[in-house]
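One structure below.
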Amino acid sequence: MATQYEQSPAPSKVGFSLSRRSLLAGMVGAAGVAAVPALAACGSDDNGGGGASGGTQNKTVTFGSNYSDQVPKDAIAAVFKDFTAKDGIEVKVNTVDHNTFQEQINNYLQGAADDVFTWFAGYRMQFFASQGLASEISDVWAKVGGDYSEALKAASTGADGKQYFVPFYYYPWAVFYRKSVFAANGWTAPKTLAELKTLGAAMKAKGLEPIAFADKDGWPAMGTFDILNMRINGYDFHVNLMAGKESWEDAKVKEVFKTWADLLPLHQAGSLGRTWQEAAQSLGQKKTGMYLLGAFVGQQFKGADYEDLDFFAFPEINPEFGTDSIDAPIDGFMMSKSPKNRAGGVKLLEYMASAAAQEKYLANDPNNIAASSKASDAKYNALQKKSAELIGASKHIAQFLDRDTRPDFASTVMIPALQDFIKNPKDIDGLTKSIENQKKSIFAG
Amino acid sequence: MAHETHAETLPPAATEPGGARTGAPRPRRVQRLSRGDKVVVSVMVVIPTLLVIGLVWLPALATVALSFTRWQGIGGLDTIEWIGTKNYTDVFTIYPPFKPAIQHNVIWLLVLFFVATPFGMYLAVLVDKELKGSRFYQTAFYLPVVLSLALIGFIWQLIYSRDQGLLNAALGTKVDWYGDPKVSLWAVLVATAWRHAGYIMLLYLAGLKGVDPTLREAAAVDGATGRQAFFKVVFPVMRPINIIILVVTVIESLRAFDLVWVVNKGRNGLELISALVTANVVGEASRIGFGSALATIMLLFSSVFIVIYLRVVMREDS
Chain A
16 MATQYEQSPA PSKVGFSLSR RSLLAGMVGA AGVAAVPALA ACGSDDNGGG
66 GASGGTQNKT VTFGSNYSDQ VPKDAIAAVF KDFTAKDGIE VKVNTVDHNT
116 FQEQINNYLQ GAADDVFTWF AGYRMQFFAS QGLASEISDV WAKVGGDYSE
166 ALKAASTGAD GKQYFVPFYY YPWAVFYRKS VFAANGWTAP KTLAELKTLG
216 AAMKAKGLEP IAFADKDGWP AMGTFDILNM RINGYDFHVN LMAGKESWED
266 AKVKEVFKTW ADLLPLHQAG SLGRTWQEAA QSLGQKKTGM YLLGAFVGQQ
316 FKGADYEDLD FFAFPEINPE FGTDSIDAPI DGFMMSKSPK NRAGGVKLLE
366 YMASAAAQEK YLANDPNNIA ASSKASDAKY NALQKKSAEL IGASKHIAQF
416 LDRDTRPDFA STVMIPALQD FIKNPKDIDG LTKSIENQKK SIFAG
Chain B
5 MAHETHAETL PPAATEPGGA RTGAPRPRRV QRLSRGDKVV VSVMVVIPTL
55 LVIGLVWLPA LATVALSFTR WQGIGGLDTI EWIGTKNYTD VFTIYPPFKP
105 AIQHNVIWLL VLFFVATPFG MYLAVLVDKE LKGSRFYQTA FYLPVVLSLA
155 LIGFIWQLIY SRDQGLLNAA LGTKVDWYGD PKVSLWAVLV ATAWRHAGYI
205 MLLYLAGLKG VDPTLREAAA VDGATGRQAF FKVVFPVMRP INIIILVVTV
255 IESLRAFDLV WVVNKGRNGL ELISALVTAN VVGEASRIGF GSALATIMLL
305 FSSVFIVIYL RVVMREDS
């Protein structure tokens with residue numbers, strides 16, 4: 016016996032004083048009022064109203080940062096505090112999650128990019144510079160160029176010969192281990208591939224998984240590929256391969272994969288479900304013996320465990336090349352294409368290039384080494400000193416696979432390919448054929 | 005009763021005394037719209053239409069057009085390079101993640117359709133019985149739907165992690181739930197079903213509450229058991245809701261993206277077409293042309309199901 020209305024009753028008939036029309040008009044009006052400040056924010060300048068004097072503008076520099084983990088974030092904030100005290104310019108930091116920052120870089124640089132932003136050296140920098148998405152900063156280099164080695168200058172130069180990048184710090188990729196574990200078992204750092212395999216067998220006998228390994232995020236395995244390629248085939252071949260000038264079906268590349276397949280039994284099982292943080296923790300828990308990773312592995316170690324950490328360079332495989340090459344990615348800063356405060360940005364970049372700024376940063380995040388040759392290593396801990404020696408002793412420095420080659424090739428082809436290899440290390444011919452076909456398709460453009 | 009309602013629906017004019025009107029109400033119910041009203045109505049129609057055209061149709065057509073190009077997404081439209089069907093050839097011949105992605109999308113649809121949705125419907129029937137604590141159960145089952153994706157990724161990471169996860173610790177196994185491509189899809193499907201069942205439960209519960217109780221009473225009087233009453237009486241009556249549930253299931257399975265992306269960006273056993281599109285288009289890779297080709301294939305794939313659904317519905321209506 017439910018009452019059926021043939022049409023909805025008028026609001027007044029059910030005790031509601033407002034009519035439908037006035038309610039709707041009220042909602043539209045309220046939405047309009049709420050939208051006005053949002054629209055005004057879209058149009059107005061970040062540095063205050065349009066006609067205001069240039070004074071306020073010159074006092075702030077915006078900084079796009081991917082230093083999202085707590086340790087680097089605090090460290091860079093300390094550096095900026097010093098900069099503001101020295102130059103009187105405030106730095107407005109816009110922090111984005113580390114991986115998200117890289118993923119959004121295209122939209123970021125084409126849209127409202129900050130004046131100065133964090134980025135990486137190598138092809139990854141040249142790629143965006145050649146698209147016209149960054150400002151060339153030869154004026155900064157004119158002032159600070161003398162503080163950097165030739166290799167660093169080369170890594171900061173775009174394809175047109177001008178500089179686009181200011182290096183801040185870098186760190187080596189090496190094989191990390193715990194001194195106490197090695198001492199307790201009488202092990203020493205291996206110098207050749209054969210010694211590495213023997214050491215691995217000894218570790219297995221003691222119940223340790225010899226080489227920690229994690230590739231859930233896809234990029235860590237590139238470190239292993241890089242170092243094996245540079246050891247077996249040399250730096251020049253590696254760089255040409257990254258640039259798409261060599262074929263992936265070359266016997267040299269297959270040799271790299273064969274060597275890796277040979278070493279895979281020594282690597283931790285289940286790597287595709289493990290993050291590098293978990294693998295580093297397994298090293299700390301003495302479940303694994305060694306870990307090939309960048310120096311940032313130190314972030315996962317605290318106190319006495321950190322003191323126990325040490326590393327050795329990946330052993331020699333081909334005597335022709337010895338251990339002359341290394342992956343030592345350089346992190347630094349670039350200036351966006353149309354900064355609102357170019358003068359302030361230039362001052363900030365000059366300051367970040369200074370030894371004082373880099374030393375201040377490393378005092379709070381001691382897992383890297385300063386890029387400036389003027390930076391003093393007095394405050395370096397043992398690992399940093401060793402890193403500086405290792406990089407200094409290397410003839411050639413590579414930037415890591417995803418910074419040395421085209422970003423679309425690295426992320427859409429190499430990541431799945433290396434994961435396929437780890438799952439199925441027997442089909443090397445099929446794998447290299449697939450990579451080569453995709454490479455031809457991508458590099459053709 | 006009927007007289008009262010009829011009187012209330014008469015236009016006021018017809019009941020006003022003093023008007024020279026006869027007994028029957030005037031048929032002219034729709035007043036001519038004033039100019040102001042016309043403007044308001046057209047604005048209310050035109051703006052959403054423009055939004056739909058501009059934000060849905062134009063990008064879709066642009067995607068199909070861009071699938072025949074090679075473009076980095078940087079620079080003006082003059083940097084677009086037309087390469088014909090090469091992107092499609094590449095997708096079908098040299099792109100390893102594509103075949104697994106199609107397989108996984110089909111598996112996703114089958115699992116949601118045959119497992120998650122019936123389970124959600126079953127939960128709705130149970131909750132509808134209004135047992136003690138049914139409000140609590142309702143909230144508990146629906147909670148996964150409202151949780152943010154980051155939280156869901158975090159929760160399941162805690163459960164599924166190989167070295168530090170709850171499941172491996174409880175079962176004493178060392179299964180690599182996320183890393184082993186043979187099990188990862190099923191692990192993620194469990195997480196999806198957990199969410200999807202809650203969603204379906206709520207939709208179905210709303211429908212069940214709207215079923216006329218006299219039908220159930222009549223079935224009980226006729227001596228039907230609970231089961232018979234549901235399948236023979238309630239289920240056929242809920243036809244409109246059933247169709248909605250079906251559509252929602254198909255859409256959710258074709259749209260599946262979030263969980264897979266949060267776990268490992270759709271790689272290594274968790275490939276889905278939507279994740280492949282995102283990996284190629286969004287982000288540093290910026291293979292706009294190639295990603296658009298994948299998106300167009302996804303569009304065609306979805307169209308197959310939509311056409312089937314429309315044919316079923318149209319045929320039943322006629």
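Residue numbers (my numbering), protein chains in the order written: chain A, 16 to 460; chain B, 5 to 322. Glycine included, each C-beta is placed from N, C-alpha and C at the ideal position. The model shown is predicted, which means the values in this text are computed figures rather than measured ones.
Can you list, in chain order, the residues of its chain whose CB lies under 8 Å from that of residue i, leaving out five sequence neighbours each side?
i: ASN272 of chain B; result: GLY183, PRO185, SER188
i: SER32 of chain A; result: PRO26
i: LYS301 of chain A; result: ARG193, VAL196, LEU223
i: PHE311 of chain A; result: TYR186, ASN382, ASN383
i: ALA92 of chain A; result: VAL108
i: VAL254 of chain A; result: ALA413, ASP419
i: ALA284 of chain A; result: GLU224
For residue i, I'd like the list of residues in its chain whose CB is within less than 6 Å of its CB, leaving aside the five on either flank, ordered along the chain.
i: GLY202 of chain B; result: PHE145, TYR146, PRO148, VAL149
i: ALA361 of chain A; result: Rather than Ala, the amino acid found at residue 361 of chain A in this sequence is Val. Result list for VAL361 of chain A: VAL155, in chain order.
i: VAL108 of chain A; result: PHE78, SER80
i: ASP442 of chain A; result: none
i: PHE123 of chain B; result: ALA201
i: ASP60 of chain A; result: Caution is warranted here: a pLDDT of 45 is assigned to ASP60 of chain A, below 50, making its placement in the model unreliable, and the coordinate value is therefore given only provisionally. So no residue of the chain qualifies.
i: MET242 of chain B; result: GLY211
i: LEU148 of chain A; result: LEU124, LYS352
i: GLN453 of chain A; result: VAL428
By Cβ distance, which residues of its chain are closer than 7 Å to residue i, with the 5 residues on each side in sequence left out?
i: TYR164 of chain B; result: LEU171, TRP181, TYR182, ALA191
i: GLU270 of chain A; result: ILE247
i: VAL264 of chain B; result: VAL192, GLY270, LEU274, LEU276, ALA279
i: GLN292 of chain A; result: GLN315
i: GLY70 of chain A; result: Caution is warranted here: a pLDDT of 45 is assigned to GLY70 of chain A, below 50, making its placement in the model unreliable, and no coordinate value can be reported.
i: ALA283 of chain B; result: LYS269, GLY270, ALA289
i: LEU298 of chain B; result: VAL95, ILE277, LEU280, VAL281, ASN284
Assuming residue i and residue j make a contact with CB atoms under 8 Å, what is their CB distance in whole Å?
i: PRO431 of chain A; j: PHE142 of chain A; result: The pair is not a contact, with the Cβ atoms about 21 Å apart (cut-off 8 Å).
i: ASN379 of chain A; j: ASP84 of chain A; result: Not really, about 12 Å apart at Cβ, beyond 8 Å.
i: ALA370 of chain A; j: LYS389 of chain A; result: 4 Å
i: ALA368 of chain A; j: ASP232 of chain A; result: No, ALA368 of chain A and ASP232 of chain A are not in contact; Cβ-Cβ is about 31 Å, not under 8 Å.
Give the residues of chain B in contact with residue i, contact being defined as C-beta atoms less than 7 Å apart.
i: ASP423 of chain A; result: ALA289, SER290, ARG291
i: SER262 of chain A; result: Here the premise fails: no neighbours, minimum Cβ distance about 15 Å.
i: GLN125 of chain A; result: ILE78
i: ASN121 of chain A; result: GLY77, ILE78, GLU288, SER290
List, in order along the chain, the chain B residues whose C-beta lies closer than 8 Å to that of residue i?
i: GLN146 of chain A; result: GLN76, ILE78, GLY79
i: SER297 of chain A; result: ASP167
i: SER118 of chain A; result: At residue 118 of chain A the sequence reads Glu, which differs from the Ser that was named. VAL286, GLY287, GLU288, listed in chain order.
i: SER426 of chain A; result: ALA283, GLY287, GLU288, ALA289
i: ASN81 of chain A; result: Going along chain B, no residue has its Cβ under 8 Å from ASN81 of chain A, so there is no contact; the nearest lies around 12 Å.
i: SER449 of chain A; result: ILE98, PRO100
i: SER456 of chain A; result: LYS90, ASP94, ILE98
For residue i, return the contacting residues in chain B, with the cut-off set at a CB-CB distance below 9 Å.
i: GLN453 of chain A; result: ASP94, ILE98, TYR99, PRO100
i: GLU293 of chain A; result: SER165, ARG166, ASP167, GLN168
i: GLY47 of chain A; result: Correct list: empty, because the minimum Cβ distance to chain B is about 13 Å.
Taking residue i as the query, report the chain A residues whose CB atoms sit under 7 Å from its CB, ordered along the chain.
i: PRO185 of chain B; result: LYS438
i: ASN268 of chain B; result: LYS231
Between residue i and the ligand FAD, is the CB less than 7 Å from at least one heavy atom?
i: ASP97 of chain A; result: With respect to the ligand FAD, the structure shown offers nothing to examine, as it has no ligands at all.
What does residue i touch in chain A if you count any residue whose Cβ is under 9 Å from its own?
i: ASP180 of chain B; result: ALA284, GLY285, SER286, LEU287, GLY288, ARG289
Please list, in chain order, the chain A residues whose beta carbon lies closer than 8 Å to that of residue i.
i: ARG271 of chain B; result: GLY233, ILE430, PRO431, GLN434
message = With a threshold of 8 Å, are at least 3 pairs of Cβ atoms found where one atom belongs to the stretch 103 to 114 of chain A and the other to the stretch 43 to 63 of chain B?
response = Note that the stretch 103 to 114 of chain A does not touch the stretch 43 to 63 of chain B; fewer than 3 beta-carbon pairs, one per stretch, sit closer than 8 Å.
ask   = Are three or more beta carbon pairs between the stretch 282 to 297 of chain B and the stretch 64 to 74 of chain B nearer than 8 Å?
value = Yes, since at least three Cβ pairs between the stretch 282 to 297 of chain B and the stretch 64 to 74 of chain B fall closer than 8 Å, the two stretches touch.
query = Does the stretch 315 to 335 of chain A come close enough to the stretch 234 to 254 of chain A to have 3 or more Cβ pairs within less than 8 Å?
reply = Contact between the stretch 315 to 335 of chain A and the stretch 234 to 254 of chain A is present, because at least three Cβ pairs lie under 8 Å.
ask   = Can we say the stretch 134 to 141 of chain A touches the stretch 178 to 192 of chain A, given the rule of at least three CB pairs closer than 8 Å?
value = Yes, since at least three Cβ pairs between the stretch 134 to 141 of chain A and the stretch 178 to 192 of chain A fall closer than 8 Å, the two stretches touch.
ask   = Which runs of the alpha helix (DSSP H) spanning at least 4 residues fall entirely within the stretch 401 to 451 of chain A, listed in chain order?
value = Those alpha helix (DSSP H) runs which fall completely within the stretch 401 to 451 of chain A and span 4+ residues are 416 to 419, 430 to 438.
query = Counting only runs that start and end within the stretch 94 to 132 of chain A, where is the alpha helix (DSSP H) found for 4 or more residues in a row?
reply = Runs of the alpha helix (DSSP H) lying entirely within the stretch 94 to 132 of chain A, each at least 4 residues long, are 113 to 118, 120 to 125 in chain order.
ask   = In chain order, which alpha helix (DSSP H) runs of at least 4 residues are fully inside the stretch 100 to 140 of chain B?
value = Every unbroken stretch of the alpha helix (DSSP H) spanning 4 or more residues and falling wholly within the stretch 100 to 140 of chain B is given here in chain order: 102 to 115, 121 to 132.
request  = Answer yes if the stretch 173 to 180 of chain B comes into contact with the stretch 112 to 120 of chain B, meaning at least three C-beta pairs across the two stretches below 8 Å, and no otherwise.
outcome  = For the pair of segments examined, the stretch 112 to 120 of chain B was found not to touch the stretch 173 to 180 of chain B: the number of CB pairs separated by less than 8 Å stays below three.
query = How about the stretch 167 to 174 of chain A and the stretch 94 to 114 of chain B: do they share at least three Cβ pairs that are nearer than 8 Å?
reply = No, the stretch 167 to 174 of chain A is not in contact with the stretch 94 to 114 of chain B.
query = Whole alpha helix (DSSP H) runs in the stretch 151 to 185 of chain A with 4 or more residues, listed along the chain?
reply = Whole alpha helix (DSSP H) segments, 4+ residues: 153 to 159, 165 to 170.
inquiry  = Quick check: the stretch 83 to 101 of chain B against the stretch 241 to 256 of chain B, are at least 3 beta-carbon pairs closer than 8 Å?
reply    = The way I'd put it, the stretch 241 to 256 of chain B doesn't touch the stretch 83 to 101 of chain B; fewer than three beta-carbon pairs between them come closer than 8 Å.
request  = Write down every uninterrupted run of the alpha helix (DSSP H) in the stretch 156 to 197 of chain B whose length is 4 residues or greater and which is fully enclosed by it, in chain order.
outcome  = As far as the stretch 156 to 197 of chain B is concerned, its whole alpha helix (DSSP H) runs of at least 4 residues are 170 to 175.
Complete alpha helix (DSSP H) runs within the stretch 253 to 284 of chain A (minimum length 4 residues, chain order) = Unbroken alpha helix (DSSP H) stretches of 4 residues or longer found wholly inside the stretch 253 to 284 of chain A: 266 to 278, given in chain order.
key: Entirely enclosed beta strand (DSSP E) segments - the stretch 337 to 377 of chain A, minimum 3 residues   = Whole beta strand (DSSP E) segments, 3+ residues: 340 to 342, 345 to 351.
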